[in-house]
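In the numbering used here, the protein residues as written are 1 to 245.
Note that CB positions come from ideal geometry on N, CA and C, so glycine has one too.
These figures come from a predicted structure and were not determined experimentally.
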Amino acid sequence: MRNIINGRLLSAATVYLRPQTPMVEIKTSSSPTRYQTALLYLAGVRILVHRLWVRVFGSAEPPPIAWREVRLLCLGLDGAGKSSLIKRAGDMSAAKGIDSSITPTNGFGVHTCTVKPDWKCELWEVGGAAAVRQFWMRYATPDTHGLLWVVDGTDSKRLGESAQCLKELLTECKLLRSRPLLVLVSKADIGGGLSEEAAAEGMALTALAARGLHIGPRKVRVASAFDGRGVAEGLRWLCDGEEVV
Ligand SMILES: Nc1nc2c(ncn2[C@@H]2O[C@H](COP(=O)(O)OP(=O)(O)O)[C@@H](O)[C@H]2O)c(=O)[nH]1
Ligand SMILES: [Mg+2]
Numbered sequence: 001m002r003n004i005i006n007g008r009l010l011s012a013a014t015v016y017l018r019p020q021t022p023m024v025e026i027k028t029s030s031s032p033t034r035y036q037t038a039l040l041y042l043a044g045v046r047i048l049v050h051r052l053w054v055r056v057f058g059s060a061e062p063p064p065i066a067w068r069e070v071r072l073l074c075l076g077l078d079g080a081g082k083s084s085l086i087k088r089a090g091d092m093s094a095a096k097g098i099d100s101s102i103t104p105t106n107g108f109g110v111h112t113c114t115v116k117p118d119w120k121c122e123l124w125e126v127g128g129a130a131a132v133r134q135f136w137m138r139y140a141t142p143d144t145h146g147l148l149w150v151v152d153g154t155d156s157k158r159l160g161e162s163a164q165c166l167k168e169l170l171t172e173c174k175l176l177r178s179r180p181l182l183v184l185v186s187k188a189d190i191g192g193g194l195s196e197e198a199a200a201e202g203m204a205l206t207a208l209a210a211r212g213l214h215i216g217p218r219k220v221r222v223a224s225a226f227d228g229r230g231v232a233e234g235l236r237w238l239c240d241g242e243e244v245v
């Protein structure tokens, strides 16, 4: 049922008479329930929010997030600094320092970090002790995008051993030869460590390339888990070849 006042058709549930006269509430059988009124309000709010969104962001829909995932294999001698660098990569904004709770990696670990706002990087770390090096190549899968090799920048005595391990790995594992190779020279915060040039020479990277044991792009970068230098830039290069100055 509807009410007609001053010739106008009203479908509203409640009609208030003018001031001076006592307020009279006229209820009709077709009055919307509180539930229906609430639904109407909600619909109105939704329309308002949508219009506001379009005005502020200029699009009818929020942009979709296209996550890209990249898997990297992280290897190097025991104690080179792999776990610490990976930990830093996972939280670049953390305060300076080394996580003293990190224990030597005996087996294998997977860690995830964000290299760019829409890029996830999965880092596979395998322990570097002599007994487990023979298993390294088993962790190189067709999905492995690149090889992150860590050398201890403060321990030039073990550089030859590290170079020999890399050579043996690439001799056995054809798959990794064409993948991008990033050598991170760790512990740069300590000072007096290896330069990028000295590390490249010590790792015999030019000789590896000359023998066809590595045909992919390669880069050497000093890095530190203590203050994070070189870590994000190195990983971005390894993931998509981006040069960060
Ligand atoms: N000062 C300093 N020490 C580091 C750095 N990275 C690793 N270390 C230390 O080096 C040792 C071995 O590090 P770890 O990450 O466990 O090496 P991993 O065996 O290659 O995983 C630990 O005592 C770390 O605290 C670094 O960037 N700066
Ligand atoms: Mg480790």
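Should residue i be counted as a contact of ligand 2 given a C-beta to heavy atom distance under 7 Å?
i      : result
PRO104 : yes
SER83  : yes
GLU125 : yes
How long is the line joining the alpha carbons of residue i and residue j, rounded to whole angstroms?
i      : j      : result
ALA204 : VAL222 : 17 Å
VAL265 : TRP67  : The structure shown does not extend to residue 265, since the chain spans only 1 to 245, so no value can be given for it.
LEU85  : VAL56  : 40 Å
ALA198 : LEU208 : 16 Å
LEU52  : GLY153 : 54 Å
LYS82  : LEU75  : 7 Å
ARG229 : PHE135 : 30 Å
ARG34  : GLY58  : 35 Å
ALA140 : LEU148 : 12 Å
GLY193 : THR103 : 23 Å
VAL263 : TRP119 : For the chain, the structure presents residues 1 to 245; residue 263 sits outside this window and is missing.
ILE47  : GLN36  : 17 Å
GLU39  : VAL49  : Rather than Glu, the amino acid found at residue 39 in this sequence is Leu. Straight-line Cα distance between these residues: approximately 15 Å.
GLU243 : GLY109 : 28 Å
ILE215 : PRO142 : 16 Å
ALA43  : SER101 : 53 Å
ARG246 : PRO117 : Residue 246 is absent from the model: the chain starts at 1 and stops at 245.
Could you tell me which of the options sits nearest to residue i, measuring between CA atoms?
i      : options                        : result
ASP99  : GLY241, LEU77, ARG88           : ARG88
CYS113 : ILE47, SER93, PHE135           : SER93
ARG177 : ALA130, ALA43, VAL54, LEU73    : LEU73
ALA131 : CYS121, ALA140, LYS120, ASN106 : ASN106
MET137 : VAL183, LEU175, TYR35, ASP227  : LEU175
ALA163 : ARG46, ALA225, THR206          : THR206
ARG211 : ILE47, LYS167, VAL220          : LYS167
ASP227 : LEU40, LEU42, PRO117, ALA95    : ALA95
Is residue i a contact residue of ligand 1, with contact defined as CB to any heavy atom under 7 Å?
i      : result
PHE226 : yes
VAL222 : no
ALA130 : no
ALA80  : yes
SER186 : yes
ILE190 : yes
GLY90  : no
GLY193 : no
VAL150 : yes
GLY76  : yes
Is the separation between the beta-carbon of residue i and that of residue j shorter than 8 Å?
i      : j      : result
PRO180 : GLY146 : yes
ALA80  : SER186 : yes
ASP78  : GLY160 : no
TRP237 : LEU182 : yes
THR171 : LEU213 : yes
ARG133 : CYS165 : yes
CYS121 : VAL54  : no
LEU184 : GLY234 : yes
ASP189 : SER224 : yes
ALA200 : VAL231 : no
PRO217 : GLY191 : no
Can you round the beta-carbon distance between residue i and residue j to whole angstroms, since I take them to be within the 8 Å contact cut?
i      : j      : result
GLY97  : HIS111 : About 18 Å separates the two Cβ atoms, so there is no contact after all.
VAL126 : CYS239 : Contact flag wrong, Cβ pair sits at about 19 Å.
Is residue i close to ligand 4? I mean its beta-carbon at under 7 Å from any heavy atom of the ligand.
i     : result
ILE98 : Of the ligands one can find in the structure shown, namely ligand 1 and ligand 2, none is ligand 4.
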